[in-house]
Structures are given as C-alpha cells and as structure tokens.
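Contents: one structure, followed by commentary.
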Amino acid sequence: MDSSRQPANTTSNTSSSSPWIRSEDSTSLGNTLSSSLDMLKIEDPEIRRKAVELVGNISLATVNAYGKWIASIKAVADSCTVLGHIFSQSEMCDFLTVAAKTMDSKRAGTKAVNDATFHIYMDIMENYSGAGSQLRLHFPRIIVDVISILDKGVDTRGEAVGVYGIERYYQERKATAPLENPLASYVARPISEGRKSSTMSQPIEPISISDELVDNLASITGRSKTELESSLASLPPVDIKKITDLSVNYGRLQKYSRLTKTEELKREVEKDLGRELSDNQLQHAANSIRKAKIYVENVLDGKFVPHGTHGINHIKHNLEYGYQLMGLIEPRRRRSE
1 MDSSRQPANT TSNTSSSSPW IRSEDSTSLG NTLSSSLDML KIEDPEIRRK AVELVGNISL
61 ATVNAYGKWI ASIKAVADSC TVLGHIFSQS EMCDFLTVAA KTMDSKRAGT KAVNDATFHI
121 YMDIMENYSG AGSQLRLHFP RIIVDVISIL DKGVDTRGEA VGVYGIERYY QERKATAPLE
181 NPLASYVARP ISEGRKSSTM SQPIEPISIS DELVDNLASI TGRSKTELES SLASLPPVDI
241 KKITDLSVNY GRLQKYSRLT KTEELKREVE KDLGRELSDN QLQHAANSIR KAKIYVENVL
301 DGKFVPHGTH GINHIKHNLE YGYQLMGLIE PRRRRSE
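Using my numbering, read the sequence shown as starting at 1 and increasing by one per residue.
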C-alpha cells in the first residue's frame with residue numbers, strides 16, 4: 001500500500017462555482033473531497049454528484065470533530081454504497097490506503113495502529129472476494145469508521161473505541177453496517193445557513209396509529225390508551241414505524257421472551273428466520289428481548305437522547321439491531337435513486 005500515491009489527472013466536478021459552496025471553509029472541504037475522489041480514481045459522475053450532495057449536508061460540528069479528510073472520505077464511501085458501487089479487492093486495498101493517508105503521524109507510527117491497519121489489509125486480501133455482496137457494498141463505510149477510531153479515538157457515529165478493541169469493533173461493524181441506511185447521518189442544513197434544504201430530504205409519509213398498535217403497547221407497558229395515544233402523537237414517524245413493527249410481531253416477541261434457555265431461543269429464532277445466527281448476533285437478540293419493555297417505554301418518553309456528532313443513541317441503536325436480527329423491526333434500507 002503506497003501512501004504517497006498521487007492524485008490522478010481527472011476533471012473535478014466540485015468547482016468553486018458549485019451551488020453548495022458558500023464559504024471559504026466549504027470551498028476547502030470541496031477541494032478535499034475532490035482530492036479524495038481523484039486519489040481513488042472515481043470518475044463516475046453520479047458518485048461524484050452524490051458525494052458533493054452529501055458533503056453539502058455535513059454540519060460544521062462534524063467537520064470540526066473529525067477533520068475535512070474523514071468527513072470527505074466518509075461522503076465518498078456513503079455515496080458508493082447508496083449508488084450500489086462495489087469496490088474490487090484491489091480497489092478496497094487502495095481505499096484503505098487513501099482513507100489512512102492523513103492520519104496523525106504520531107498515532108499512525110505506533111505499533112498498535114500499524115498492527116490494526118495491517119490486520120484489515122490482510123482480511124481484505126484473504127476474505128473480501130468471498131464475502132457477500134451486501135458486506136462488500138458497505139465495506140468502505142466500515143473502513144472509514146475504523147480509520148476514524150485509529151485517528152480520532154471515535155468512529156463516525158461518535159462511539160469511542162480503544163485501539164486494542166479495534167478487532168472486536170471491526171467484526172461487529174461487519175454485521176451491523178449492512179443493516180444501516182448510509183444517509184441517516186446526513187441532515188439538510190436549515191435555510192438560516194444560507195442554502196435551501198437538500199433535495200436528498202424527501203417528505204415522510206405519515207404513519208397511522210391503529211387501535212391494534214395502542215392495544216399491544218398497552219399490554220407491553222401497562223399504560224392507559226389515552227396516555228399512549230398522547231405519547232405516539234409526539235414521536236417522529238421513524239420511531240412510530242419501529243414501534244409499529246414490534247407491535248405487528250408482538251406474538252413472536254412474547255414467544256421469545258418465554259424462552260429462558262439460549263439453545264431454545266436460538267432454535268426458535270432460526271426456525272422463524274430460516275437462517276442461522278452467530279453467537280454474537282444471538283447475544284444481541286437475547287438482550288433486545290429482555291429489554292423490550294424498557295425500549296418501548298424509553299422511545300415513548302423520548303429518553304433515548306442522541307449523542308455524538310451524528311446524533312445517535314448507541315443503547316437504542318444496539319437494541320434495534322437485535323430486533324432487526326430477529327426480523328421484528330425492518331432495517332432501514334437505502335433509498336432507490
């Protein structure tokens with residue numbers, strides 16, 4: 001991996017006349033994005049356009065926390081994932097090299113960081129080609145998170161991870177990243193920032209609150225229907241959708257909650273899913289089942305306060321991951337273009 005690799009002579013689509021550039025800082029960020037696209041030899045106009053769009057929706061707080069390089073390379077990774085671009089094995093090795101290009105020299109020179117980077121490189125060489133298409137599609141996003149940890153001590157979702165916990169984190173991200181919507185961490189800037197809302201933001205269809213949903217939530221929480229209807233009315237549609245999914249699968253949730261032995265739970269969940277779960281996935285599933293009542297009540301009461309630069313509550317995220325593994329709530333899929 002040659003970290004001194006020079007940018008290719010390609011024509012950038014991120015000129016200073018682009019409408020998303022409004023200040024000296026954003027121009028600098030645009031130049032950084034252009035440099036990363038060139039170094040990766042990404043010439044696809046749709047990917048470049050999407051990357052520019054995403055960079056235009058990165059907050060100043062995010063850029064200050066992670067720096068222009070990680071913010072830009074993350075936008076490239078997310079753009080490729082959203083548009084269905086899967087890197088080849090050699091391209092993925094290049095992506096790792098480019099992503100690590102501007103890592104702090106003091107951190108980059110340590111044995112722990114070198115070992116972690118080399119381990120990922122070897123994993124790409126040995127296992128990437130045989131991995132499933134969904135994992136390969138999201139692999140650049142995983143790489144960006146790992147590099148962010150090695151450089152800043154936190155991933156791009158704000159989760160702090162010690163350098164000696166990288167291997168565990170890396171394996172877990174392989175399981176969780178394909179379940180995520182890469183666009184979830186981007187929000188359109190308000191008009192007060194001097195630009196119109198992003199065209200990426202689409203109206204969210206209202207979700208109806210059925211009597212069945214209220215009845216099931218009453219069974220789960222023990223709350224009155226009037227109280228539940230008031231709480232649901234204050235929730236964003238995305239959370240109502242998740243609670244509705246749990247309500248639809250309330251029977252399965254009850255069945256799983258009665259299974260106290262790990263072997264029994266594994267057998268029932270895998271029978272319903274028609275596929276196997278790893279030990280780590282089963283642990284996530286079991287934890288989510290145990291905390292279903294707490295999860296629902298905290299969502300209803302707005303107690304899952306977002307934290308980190310991308311506004312994610314990791315307790316909520318991990319519980320929802322467990323429900324997704326069991327098919328109790330629907331993963332957030334990438335939008336069709």
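Idealized CB from N, CA, C, for every residue including glycine.
Taking only the alpha-carbon atoms, compute the straight-line gap between residue i and residue j and give it to the nearest angstrom.
i    : j    : result
K106 : E53  : 33 Å
I204 : I47  : Because I204 carries a pLDDT of 39, less than 50, the predicted location of this residue cannot be relied on, and the following value inherits that uncertainty. Cα to Cα, I204 sits roughly 25 Å from I47.
T169 : K291 : Going by the sequence as given, residue 169 is Tyr instead of Thr. So the alpha carbons of these two residues sit roughly 23 Å apart.
D272 : G56  : 43 Å
L277 : K266 : 8 Å
T226 : D145 : 43 Å
H317 : P237 : 16 Å
A112 : E270 : 38 Å
E193 : L33  : Because E193 sits at a pLDDT of 38, beneath the cut-off of 50, its placement in the model cannot be relied upon, and the following sentence gives the value as read from the coordinates. Their backbone Cα atoms lie some 21 Å apart in a straight line.
A218 : S224 : 6 Å
G30  : D215 : 51 Å
S247 : L235 : 16 Å
L282 : D38  : 42 Å
L135 : L183 : 17 Å
P45  : C80  : 11 Å
Y323 : T156 : 23 Å
V154 : T221 : 35 Å
D239 : R252 : 20 Å
Just checking my contact of residue i with residue j at CB under 8 Å: how many whole Å lie between their CB atoms?
i    : j    : result
I70  : I147 : 7 Å
L40  : V82  : In fact, because the Cβ distance is near 16 Å, the residues do not count as touching under 8 Å.
I73  : S28  : Actually they do not touch by this definition, with Cβ atoms about 15 Å apart.
E229 : I209 : 7 Å
M103 : I124 : Their Cβ separation, rounded to whole angstroms, is 18 Å, which puts M103 and I124 out of contact at 8 Å.
H284 : E159 : Going by Cβ atoms, the distance from H284 to E159 rounds to 15 Å, so no, they are not a contact pair.
I289 : Y256 : 5 Å
T176 : Y321 : 6 Å
Y128 : L96  : At roughly 10 Å, the Cβ-Cβ gap does not stay under 8 Å, so Y128 and L96 are not in contact.
T117 : A100 : 6 Å
Kindly indicate which three-state DSSP category residue i falls into: helix, strand or coil?
i    : result
A175 : helix
A61  : helix
A160 : strand
V154 : strand
M338 : With the chain covering 1 to 337 only, the question about residue 338 has no answer from this structure.
D44  : coil
R223 : coil
L368 : With the chain running from 1 to 337 in the structure shown, residue 368 is simply not present.
A100 : coil
A75  : helix
L328 : coil
G322 : helix
Y295 : helix
E167 : helix
R275 : coil
G56  : coil
Y66  : helix
S314 : Here the sequence assigns His to residue 314, which means Ser is not the residue at that position. The answer is helix: DSSP assigns H314 an H, G or I state.
Is it true that the segment 129-139 meets the segment 81-101, where meeting means three or more beta-carbon pairs spaced less than 8 Å apart? Yes, the segment 129-139 is in contact with the segment 81-101.
Across the segment 258-265 and the segment 293-308, are there enough close Cβ pairs to call them in contact, namely three or more that are closer than 8 Å? Contact fails between the segment 258-265 and the segment 293-308, because fewer than three Cβ pairs, one in each stretch, are under 8 Å apart.
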